[in-house]
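Just below is one structure, and these are the notes that go with it.
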Amino acid sequence: MSIAGGETALSVFLEFFAKLASYDQILNFVTQKQVNQELKQRQKILPSIQAVLNDAEEKQMEDPNVKIWLTQLQNLGYDVGDVLNEFEIEALQRKLHEDEASTSKAQKPNASWFTSFINSRAFTFNKRMISKLQEITDELNGLARETHRLGLRQIDETAMSKRVKVSLQFMSLVDESHVYGREKEKADILELLFCNNGNGNGASLIHIFGDGGIGKTALVQFVYCSDDVKKAFHHRFWIRVSKDFDVTLVTKTILQSISDVRCIVPSLDNLQALLKDKLFGRRFLLVLDNIRDENYDDLALLLKPFSIGTKVILTTRNCGVVSSVVSSAKAYLLEKLSHKDSLSVFTHHALKASDFSGHQELETFGENIVIKCNGLPLAAKVIGCLLGTHVEYGVWKYVSESEIWDLQQEQCGVIPALLLSYHHLPPYLKRCFAYCSLLPKDYEFEKEEITLLWKEEGFLQQADSKAHIEDLGSRYFQDLVSRSFFQTSVRDKYQYVMHDLINDLAQLVSGEICLKLEDDKQPKIPKGTRHSSYVRGSYDGVEKFAVFDHMKRLRAFLPFMMPKDGTCYITNTVLVDLLPKLRCLRVLSLKGYGITVLPDIFENLVQLRYLNFSHTLIKSLPASICTLYNLETLILKESLLEWLPSDIERLVNLNHIDISGVKMKAMPYGIGKLTDLRRLSDFILGAGDGYRIRELKNLHLKGDLSLSGLENVVEARDALEAKLIDKPGLDALRLMWSSIFGSSIRDKVVEEEVSNMLEPYRDLKVLVIQNYGGTKFSNWIADSSFKNLWSLDLNNCRNCKFLPSIGSLPLLKDLCIRGMHTVTKVGIEFYGENHSNAFVSLETLCFKDMSNWKEWDIDEHAAKFPYLREFCIVNCPQLSGRFPSSLHSLETLVIRRCTKLVVSVSNLPQLHDLEIDGCEELVLRDDADLPPLRKVSLSKFSKFSPLTERLVSGLTNLDRLRISNCNELASLSWKQFSLVMHLRSLRSLEMSSFPLLEVEVQQLQLEKVCTIESLTIGNCEKLQRLPQDLHFLKFLTEMQIKGFKGENFSIDNTFLLEHLEIMDCPSLVSLSLPIRLQILIVSYCSKLASLSSSGELPVGLKQLVIKDCLALESIVHTIHETYSLELLDIWNCRNIKALPQGLNKLDHVEKINILQCQSVASLTASGLPARKLKSLCIMDCQGLGDLPNMPNLTTLKELSLSYCSPDLPFPKEGLPTTLTSLSVTGPKLCRTLLEWGLHRLTSLKKLSIDGEECPHVVTFPPEGCVLCWNIFKYL
């Protein structure tokens, strides 16, 4: 079921007549009278249609004929819009031709010819327009006559006055920090999170399920953001699980979020191994929101690297989604809200109150509305937001008695409350909201992304000028946010998302106008479809786009990027054949595709207003781009573009150019002529072009602007002419010079003068100055009249000897000072004029890479940094003395590579996280109040307060402790470490590089139960055995041993250990493993001869990884079929000759990797497990003489064979037909495609072939052999 929008169509008609008056100059030829007659005829028809429109919109739900009538009216409205667009293009083209003729001397002798040409063009154009207008008039007359047959009537004014009439206004946002009626549920979830109930399968899972709109996400968000959870977990991560979410990318994103390292590892296996290592000993909370049935396999794969200490919360509508994958998940059914709590949600949003005490006359209607919301918080919230715009008796009565409440959700496809809220939106918001049906479910978007699309589709027509149109889009967007049609993302406060049910509503009300292609289906395309979208795939071939052949009137071609790893590709057929046919396109995006060259096709796409080629591989734009006179938005962000077209000045309507992240060397001439330009992300000054900074003078820019290449500005007056001080719309400014300071063009004096001239308007919010070569900063940087400046970054300004006096900036929150190598002292001037009240808003402060900074002049009676929460000093090796004390709000302190600095934490009452990696002394006094430290990492300091029992007893909140490479603690005994192990909150302990640490003969008697869950011991040279008192660590489930010098490693069955990693133990000969072990990783143990002294592996072992164990000859002789093994990974074990017997009988193995095992001779002897095996990788196994029977591996998806024996026979039986990915590398593994049976691999999506002796690989099979189309459809 869908709904047609008559009001939207009517607004297009009205817009047409309003705009057409401005195009008189193109109607002043022979046919003017005829055109005007057509227009007057249409204007007479409209009132009769407008009169019955409201009646039609309400009747369409029950009368399909009325819905068809509205759909026809809507389609006609779009046709009118297309005609209007043709008028606009004709007017613009004619004006450009006239301007060019009047300014070119060459045209003067031919003026009569030009006039004749224009008259001829006008005659042809008007003749064509008369025909189109006549067709529209006839259709409009037909629709007017249909109103009588359909029984449509005009609703009287009295009834209409009761409808919710909403004018454009900014609605204040309601505080969402409280979730009504869920206190018990929150307590239940917290109890499940904090109970130590490792389920024996790695991560502990909590599965919350319930109906759509019942508040699952809101509840989990309430828990996720609570202080208790923030304190309990080292890391938190939230994922909205889209239908096509990419496990590899999600894993990489999580890894980067917890490690501050940009990860370029391509393999999922390696990513998961790194993630597992980073999470070792840390408590991690992962939320997987809105999992669907189709995410079964991805869910199981994503959860693999998470072990004990990780808690996972999953939300679904279906209880069975999770239980089928993880049977041990704790299921929690979320019930509907009680009437009382539903009423609280409703009044909170409608009246900004907890009850009706201030509006008793509305209570009856409110009670009735809440009953109809049926206990769904989303319904109560959305309808409350609607009524919050008009707190009036008549409005509430009308909504309470609306017939829409009588519709069943199964009948209309959405919750009636949501449909009712949409029904009462003003037409301009209806059109904008319906367009958002193109967005994929769970897609997170920024405000600008959506408002730009609205603008270019012509939905922002109430703006009084182009200068205000973006402001209007922001107001529309904010209005939909305040009505809960859009919600702020949990993961990123600058992004938004639509609830699934709201997305369903958008699809319902958009009708046939918007088409969202899903699951590569080929739906029947309605005649009236104007906008289309789809989720971009890894390889989008011609089959995906077959439906577009019938969409000649399409206005929008939008692929959306859901989180996905790697480059995606699109068939060239789309670029060369399809797009040129879509002549009505206004919006075209090819974002994220691996396109290197754009064909020159744009001369036929003159209606384009929006182009998005961001994240592509294109280096240049075709010349025909400059014929798109209506183009307003050009997005090239993060592409490989090297230059913009030289004729870009012809695009006179351009108002948005985004080239951020593009490494261009210069801008084309004429940018300054684009006077409609409002957004320009970057302006690059090339060598010898510094004077062109003047082109910014007449541009009224807004948003963010980056000026780079400023070293090429040699005259300060050119910088002054840029008039940055006259651009009040700028929010962020980046001033960037070259990082090469030794160049002959660098002049310190000139750069100081240029900086002085680049003073911006006082409303600036963000300022970055990078690679500035002057010896002093401009005075304007420290001017306290920059009242909105909240972020300042001074980066690599290496010639400046003093920091600017910025302490008086009233709203400065984030300050980062890096690479100031000439600064030797930070003096009192840093705090500004008012020393006693400096940095009053600062929350984060970072000093980094200041190689000559020696002294910080601290006035303890002056700057107190009252709100400083995060403080970081990195790589300042000359800095000595102390840093500011009495930082009463400080929560995080990081000191790295400051070897002369003395650090005291005695006067930091809120300090939670402490990291010291290289300092002179750490002062911890046991006679002072210690801060409530939760996470401590100490490394490489020379002096340290004694680790006394009194001192340790003060660390009552300590959760994670890491100590390594501390000379002062070199002789620390195990007894002293045991003091720390008694801490009641300690969950993770890591100690490494203690050369004198050894276990005493007499074992300790640990009187209290230790709570440690994770223990790491590394590089303790005298530690020949593990202390027996580790048995008292009742909750220990993870252990990591590095650099152990003993020959034998024994852990008996009294341990509850589930995850064990042993690495770099060159003397280790044998192991004794506990029976509960699930994950075993052994690496770089060159003398290890046996994995198990008993000859058996733990039955519950799920993951076995062995790397670089050169003496190991076998894993175990036999594996029993009761084993739970899922992953077998063997790297560079050159003496292993065979895989264990019985491997083929295991039921759970999904992945086997055998790499650089030259002695493995056969895989047929042991056989491979066929029941669940999905991935098999064999690389550099030169001794391998055979491959197993491949067709028996009926679940195999991925197969990789690389650099094995030249004599390795290819499987005679062929390859499994279930393969989706095949990679073959090496000289003689390659065969003809026919020998491979490639034509039978109907599921193959990825094929990689590499080898010097593969001459026949590209040869097609003999005639008559049918190849799988899937393989070649991307070519």
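Residue numbering for the sequence shown follows the UniProt record's numbering, beginning at 1 and increasing consecutively. Cβ atoms here follow ideal geometry from the backbone N, Cα and C, with glycine treated the same way.
What separation, rounded to the nearest whole angstrom, lies between the Cα atoms of Glu649 and Leu707?
20 Å
Smallest Cα separation from Val574: which of Lys552, Ala546, Leu554?
Ala546
Would you mind stating whether Leu302 and Val220 have Cβ atoms separated by less than 8 Å?
no
Between the alpha carbons of Leu1215 and Pro1191, how many angstroms are there, rounded?
6 Å
Buried or exposed by the 16-neighbour rule on C-beta atoms within 10 Å, applied to Asn698:
exposed
Curious, which full-length alpha helix (DSSP H) runs of at least 4 residues does the region 345–429 contain?
363–372, 377–387, 393–400, 409–412, 416–423
Cβ of Leu621 within 8 Å of Cβ of Leu590?
no
Cut-off 7 Å between Cβ atoms - residues of its own chain near Glu1007, not counting five sequence neighbours on either side:
Residue placement at Glu1007 is flagged as unreliable, the pLDDT there being 48, under the threshold of 50; a coordinate-derived value is accordingly withheld.
Taking its Cβ as the centre, do 16 or more other Cβ atoms sit within 10 Å of His468, making it buried, or is it exposed?
exposed
Endpoints, the alpha helix (DSSP H) within which Trp853 is located
That residue, Trp853, is in no alpha helix (DSSP H); it is neither H nor E in DSSP.
Which of the three DSSP states is assigned to Tyr610 in this structure?
strand
For Lys524, count neighbouring Cβ atoms within 10 angstroms of its own Cβ and tell me buried if that reaches 16, exposed if not.
exposed
Go through its chain and collect everything with a Cβ distance to Asp849's Cβ below 6 Å, but skip five positions before and after it.
Arg818, Gly819, Asn875
For Ser841, which of Lys527, Gly807, Glu90 has the nearest alpha-carbon?
Gly807
Roughly how many angstroms lie between the CA atoms of Glu367 and Ala434, to the nearest whole one?
30 Å
Keeping to the same chain, check which residues put their C-beta closer than 6 Å to that of Cys432; ignore five residues upstream and five downstream.
Trp454, Phe459, Tyr476
The ligand ADP and Glu448: does the residue's C-beta get closer than 7 Å to at least one heavy atom of that ligand?
Among the components modelled here there is no ligand, and therefore nothing to report on the ligand ADP.
Coarse secondary structure for His235, derived from DSSP in three states:
strand
Helix, strand or coil at Pro877 according to DSSP, with G and I counted as helix
coil
What are the boundary residues of the beta strand (DSSP E) that includes Tyr476?
Not the beta strand (DSSP E): Tyr476 falls in the alpha helix (DSSP H), residues 469–482.
If the criterion is Cβ atoms closer than 8 Å, does the pair Glu1150 and Glu1126 meet it?
yes
Go to Gln256, then tell me how far its alpha helix (DSSP H) extends in each direction, as first and last residue.
247–259
Out of Lys381, Asn712, Ile371, Ile1051, which has the shortest C-alpha to C-alpha gap to Val179?
Lys381
Could you give the uninterrupted runs of the beta strand (DSSP E) lying entirely in the region 654–708, keeping only those of 3 residues or more?
656–658, 682–684, 703–708
Hey, could you find the ends of the beta strand (DSSP E) Arg962 is sitting in?
960–964
Is Leu680 buried or exposed, if buried means 16 or more other CB atoms sit within 10 Å of its CB?
buried
Among Leu1112, Glu88, Leu1104, nearest to Ile1119 - alpha-carbon criterion:
Leu1104
Which one of Leu651, Leu674, Gly688, Leu733 has the shortest CA to CA distance from Asp682?
Leu733
Shortest alpha-carbon distance to Leu958 belongs to which of Ser937, Phe941, Thr1225, Leu274?
Ser937
Anticipated Cβ contact below 8 Å, Ala782 with Glu753, distance rounded:
With a Cβ gap of about 18 Å, Ala782 and Glu753 do not count as contacting.
Leaving out five residues on either side along the sequence, give the residues of the same chain with a beta carbon under 6 Å from the beta carbon of Ser1223.
Ser1200, Ser1248
Our contact map puts Gln1158 next to Gly1183 with C-beta atoms below 8 Å; I'd like the distance itself, whole angstroms only.
5 Å
In the DSSP assignment, what are the bridge partners of Trp643?
Paired residue(s): none; Trp643 is not in a bridge.
For Leu288, tell me which candidate among Glu632, Val490, Ile1178, Arg678 has the shortest Cα-Cα distance.
Val490
Rounded C-alpha distance that separates Ser510 from Ile1154:
53 Å
So Asn799 packs on Lys854, CB below 8 Å; how close in whole Å?
Actually they are not in contact, since the Cβ atoms of Asn799 and Lys854 sit about 18 Å apart, beyond 8 Å.
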